[in-house]
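> This is the structure, below, for whatever I ask next.
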Amino acid sequence: MRPRPVAASVDELVAAASSRSPMTAVDSKSGARFERVVIDGAAFVLKHVDHRDDWIMRQCGDIGCVPIRLWEAGVFDLLPDCIDHATVGAAREQGHGAVLMRDVGEWLVPPDDTPLMPADHLRFLDHLAALHATTWGWHDTVGLVPVANRYSFFGPEAMTCESALGFPQPVPRARDRRVATGSTTRHPNSRTRSGPSATRRGRCSTRWPTRPRRSSTATPSSPTPAPVPTAARCSSTGR
315 MRPRPVAASV DELVAAASSR SPMTAVDSKS GARFERVVID GAAFVLKHVD
365 HRDDWIMRQC GDIGCVPIRL WEAGVFDLLP DCIDHATVGA AREQGHGAVL
415 MRDVGEWLVP PDDTPLMPAD HLRFLDHLAA LHATTWGWHD TVGLVPVANR
465 YSFFGPEAMT CESALGFPQP VPRARDRRVA TGSTTRHPNS RTRSGPSATR
515 RGRCSTRWPT RPRRSSTATP SSPTPAPVPT AARCSSTGR
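With our numbering as the guide, the letters of the sequence shown map in order to residues 315 to 553.
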């Protein structure tokens, strides 16, 4: 992995931009802010990485700005050729920052409910398998999201945080509403676990690992890439 430089501010990262404008990401549910940026006539997308906007960062305790850390530590070098992360730069300032990506919107799955063809699903599975095969045996030594934190989504502490903020984002707000009304759906074959074993399992999800763990994914969460020509690579922008 080859480390990359990180700009000292978002303004420095896009200092060469001829235009910047707010972007509405229709399919984004994290609350992160986006901008359309033009640099030397080319289109880019600027994603702001800030826990004050992004509820997913708050839920998993991301205080290190994982998308920025991935770029900075060179983790993207682990990706197979079939995945294009599209990132070209990053910036960090005072606990937040941004990542700059090529605009690959034309290759992404459209933000609607149009069914995907089986061949598309199979290709996505192939690319995910390639990602896992490429990163098999890799251990997180750069400080990403600990395994235990991934199980904290919608946990009591995380929801208490969102409640204190007034549930600014719709996904945690909807989850809270479903819990409050008792409308959560359970599979008919599921069983309710109770007793001491359940308590012990619950506590496990709040522990931090004492040693590096094998990573199941090497990239931040991202949308599924849309069908692309044979000569192109499937794209994943973290959007």
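Glycine is no exception: its CB is placed at the ideal position from the N, C-alpha and C atoms.
#1: I need the boundaries of the beta strand (DSSP E) containing glutamate 349, first residue and last residue.
#2: Here's the rule I'm using: 16 or more other beta-carbon atoms within 10 Å means buried, otherwise exposed. How should tryptophan 421 be labelled?
#3: Could you check whether the Cβ of alanine 488 sits closer than 8 Å to any Cβ belonging to chain D?
#4: Beta carbon of proline 317, beta carbon of glycine 388: below 8 Å?
#5: What does the Cβ neighbour count give for tryptophan 385, buried or exposed, with the cut at 16 atoms within 10 Å?
#6: Would you check if there are 3 or more beta carbon pairs closer than 8 Å linking the segment 370 to 383 to the segment 462 to 478?
#7: Return the CA-CA distance between valine 328 and alanine 405, expressed in angstroms with no decimal places.
#8: Taking the C-alpha atoms as reference points, what is the distance between serine 335 and valine 380?
#9: Report the rounded CA-to-CA distance for leucine 439 versus proline 460, giving the unit in angstroms.
#10: Under a Cβ-count criterion, where at least 16 other Cβ atoms within 10 Å of its own Cβ denotes burial, should leucine 458 be classed as buried or exposed?
#11: Under the rule that 16 or more other beta-carbon atoms within 10 Å means buried, what is methionine 431, buried or exposed?
#12: Rounded to a whole number of angstroms, what is the C-alpha to C-alpha distance between methionine 315 and glycine 355?
#13: How close, in whole Å, do the beta carbons of phenylalanine 358 and arginine 416 come, if the pair is a contact with beta carbons under 8 Å?
#14: Is alanine 400 helix, strand or coil when you go by DSSP?
#15: Less than 8 Å between the CB atoms is what I'm expecting for glutamate 407 and serine 323, so what's the real figure, rounded?
#16: Who does serine 333 pair with in a DSSP beta bridge?
#17: Which residues in the same chain as arginine 366 place their Cβ atom closer than 8 Å to its Cβ, once the five residues preceding and following it in sequence are excluded?
#18: With burial defined as no fewer than 16 other Cβ atoms inside 10 Å of the residue's Cβ, what is the status of lysine 343: buried or exposed?
Looking at the atomic coordinates:
#1: 348 to 353
#2: buried
#3: Within the model displayed, chain D is absent; a lone protein chain is all it includes.
#4: yes
#5: buried
#6: yes
#7: 9 Å
#8: 24 Å
#9: 25 Å
#10: buried
#11: exposed
#12: 30 Å
#13: 6 Å
#14: coil
#15: 5 Å
#16: Val352
#17: His410
#18: exposed
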